[in-house]
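2 protein chains.
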Amino acid sequence: MSISPKTALLEEYALVARALSAPARLSLLEQLAQGERGVEALAEKTGLTIANCSQHLQQLRRAALVTSRRDGKAVIYRLTDAKTLTLMDMLRVVAERNLAKVERILRGLSGGEEAPEPVSRADLAARLAEGSVTVLDVRPADEYATGHIPGALNATLAELQQMLPTLAAGAEIVAYCRGPYCVYAHQAVAALRRHGLNARRLEGGLPEWREEGRQIARIG
Amino acid sequence: MSISPKTALLEEYALVARALSAPARLSLLEQLAQGERGVEALAEKTGLTIANCSQHLQQLRRAALVTSRRDGKAVIYRLTDAKTLTLMDMLRVVAERNLAKVERILRGLSGGEEAPEPVSRADLAARLAEGSVTVLDVRPADEYATGHIPGALNATLAELQQMLPTLAAGAEIVAYCRGPYCVYAHQAVAALRRHGLNARRLEGGLPEWREEGRQIARIG
DNA sequence: CTATCATTCAAACTATCGCTTGAATGACCT
DNA sequence: AGGTCATTCAAGCGATAGTTTGAATGATAG
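Just so you know, the protein sequences line up as chains A and B, in that order. Residue 75 in my numbering sits at position 75 of the first sequence, with consecutive numbering throughout. Converting from the second sequence to my numbering requires adding 1000 to each position, the first position being numbered 1.
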């Protein structure tokens, strides 16, 4: 007794949605958007145990959202398709539009104040070309090292506090982090604005920037 | 003990994904994309029992993908936001790209033959203006009655067989149905092409057409 | 060939899902 | 008010998900 093609299709689509239906897996995908990673690195970044991380990765693989290859003893995972980022971003857009709770959390991140509109990537590229902007990469140093927007300063939220006095009051600052799911840039912008600085968030994060074929700088 | 804002956000996004993770709910959303509906109508269209349908609708409501209002004794559901259609379409795109099984099912629908590229909605609009195309609405008559592309003929797959002789061999035919998840248009195009007719699918379906602000015809 | 190390598997537990059945709610109609 | 009808709730079932623990796999290094 075979099921109808229609149901079969819906089941496949549902399979992909199910893969996105656990916070742990969204977190893994966000990490993988930065670049390929081994299981151990992913487990550490996401705070999962190794075994649990491995199982989540295998669910992502069942939905074909990630693929893996062996490198020595390690298994390296990566996103199958960059379109997955678009899908995850749509997920965020729909959640933000519909769920009041998301609005509330985001407002909390900005310290209750109204956050300014984010800067588009095209805008930032233009301003970078004229050198009229300071770019801030608010990710951990190891992720910065793997690749960042050319000219960007790196500072975690903690380091940012010490850095505040060195930032000119008038200059425009644009902060970015891992991508639309990442809260670092929100928090950094809130901190900077509390100190009277002219800071805004970049729309998206490094994966989106890279995906558009824009320039990336590396350390070493 | 409060969880981090980051985890809180991911949980909200995961909640939306979970809402999309059951075939029954995808089917309900596809129906609701056609227009608002009561519980009974939705249950019948999707083949669910009333109670089961009601429960799925409440899960969709928890994720804020649908809202409801009372109309007499009936409760009418509708999509909260048209962006949900984009999200569902991205789900399909990612599934089609990554899952070989989806490819196989779609190929099966086309009778194993290569299906031609779908016609874009802008293209169809242009051809409609010059009258150089026959448009076929392959949905049940009641959905056609609620709204369809101006000038479109209505025929279910069964009725299509009888209609074949009346279609000119040279004319271009464009078939559409409920949207990207709907298989009727695929099947109709396959049937028409087996009879040597020049048929293609419209990209998307009526909801997408309506969403772009294009003209809709109604019966009565 | 053996030891080592990263990853995966297996088993166990609790929690939740999807579906069914039958009762409860709540608004309309006479 | 009482009856009627659409919808929702509640309870129960088997199946599956998420997590932890500990053992098994499989490739590399000596």
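We treat Cβ as the ideally placed atom computed from N, Cα and C, and that holds for glycine. None of these values were measured; they are calculated from a predicted model.
Same chain, Cβ closer than 7 Å to residue i, neighbours up to 5 away in sequence not counted
i: residue 1211/B; result: 1082 and 1085
i: residue 69/A; result: 76
i: residue 197/A; result: 167, 169 and 173
i: residue 1187/B; result: 1109 and 1157
Contact with chain A by residue i, beta-carbon distance below 7 Å
i: residue 1146/B; result: no
i: residue 1093/B; result: yes
i: residue 1049/B; result: no
i: residue 1156/B; result: no
i: residue 1098/B; result: yes
i: residue 1023/B; result: yes
i: residue 1090/B; result: yes
i: residue 1183/B; result: yes
i: residue 1084/B; result: yes
Residues that DSSP places opposite residue i in a beta bridge
i: residue 1135/B; result: 1174/B
i: residue 184/A; result: DSSP, once it has assigned bridges, lists no residue as partnering residue 184/A.
i: residue 56/A; result: Partner(s): none; residue 56/A has no beta bridge.
i: residue 1153/B; result: 1136/B
i: residue 37/A; result: 77/A
Rounded C-alpha distance that separates residue i from residue j
i: residue 1144/B; j: residue 1192/B; result: 20 Å
i: residue 1003/B; j: residue 1009/B; result: 10 Å
i: residue 1150/B; j: residue 1158/B; result: 22 Å
i: residue 75/A; j: residue 22/A; result: 22 Å
i: residue 1147/B; j: residue 183/A; result: 43 Å
i: residue 1025/B; j: residue 1094/B; result: 18 Å
i: residue 35/A; j: residue 124/A; result: 22 Å
i: residue 1032/B; j: residue 194/A; result: 45 Å
i: residue 1043/B; j: residue 131/A; result: 60 Å
i: residue 202/A; j: residue 179/A; result: 9 Å
i: residue 117/A; j: residue 54/A; result: 38 Å
i: residue 1/A; j: residue 206/A; result: Note that residue 1/A scores a pLDDT of 42, beneath 50, so its modelled location is shaky and nothing firm can be said.
i: residue 1219/B; j: residue 1152/B; result: 12 Å
i: residue 11/A; j: residue 48/A; result: 28 Å
i: residue 1185/B; j: residue 6/A; result: 12 Å
i: residue 111/A; j: residue 104/A; result: 11 Å
i: residue 1099/B; j: residue 1164/B; result: 34 Å
i: residue 1199/B; j: residue 136/A; result: 54 Å
i: residue 13/A; j: residue 161/A; result: 45 Å
i: residue 1052/B; j: residue 1071/B; result: 21 Å
i: residue 18/A; j: residue 1106/B; result: 21 Å
i: residue 1122/B; j: residue 90/A; result: 23 Å
i: residue 1213/B; j: residue 1177/B; result: 17 Å
Contact with chain B by residue i, beta-carbon distance below 7 Å
i: residue 159/A; result: no
i: residue 3/A; result: no
i: residue 28/A; result: no
i: residue 10/A; result: yes
i: residue 129/A; result: no
i: residue 53/A; result: no
i: residue 180/A; result: no
i: residue 87/A; result: yes
i: residue 105/A; result: yes
i: residue 109/A; result: yes
i: residue 64/A; result: yes
8 Å Cβ shell around residue i - same chain, five flanking residues per side excluded
i: residue 1029/B; result: 1020, 1060, 1065, 1066, 1079, 1084 and 1088
i: residue 1237/B; result: In the structure as shown, chain B begins at 1001 and stops at 1220. Residue 1237/B is therefore absent and cannot be evaluated.
i: residue 1141/B; result: 1154 and 1156
i: residue 1129/B; result: none
i: residue 1057/B; result: 1028, 1039, 1042, 1066, 1068 and 1077
Extent of the continuous alpha helix (DSSP H) to which residue i belongs
i: residue 13/A; result: 5 to 19
i: residue 67/A; result: No alpha helix (DSSP H) contains residue 67/A, which is instead part of the beta strand (DSSP E) from 66 to 71.
i: residue 119/A; result: Segment: none, residue 119/A is in no alpha helix (DSSP H) and carries neither H nor E.
i: residue 1048/B; result: Per DSSP, residue 1048/B belongs to no alpha helix (DSSP H) and is neither H nor E.
i: residue 1221/B; result: With chain B covering only 1001 through 1220, there is no way to say anything about residue 1221/B.
i: residue 1141/B; result: 1141 to 1146
Start and end residues, beta strand (DSSP E) containing residue i
i: residue 1105/B; result: Element bounds for residue 1105/B: not the beta strand (DSSP E) but the alpha helix (DSSP H), 1100 to 1109.
i: residue 76/A; result: 74 to 79
i: residue 217/A; result: Neither: residue 217/A is in no beta strand (DSSP E) and is coded neither H nor E.
i: residue 1199/B; result: 1198 to 1201
Residues near residue i by beta carbon distance below 6 Å, same chain, minus five either side
i: residue 102/A; result: 95 and 96
i: residue 1134/B; result: 1171 and 1173
i: residue 16/A; result: 63
i: residue 215/A; result: 150
i: residue 181/A; result: 30
i: residue 120/A; result: 203
i: residue 1045/B; result: 1031
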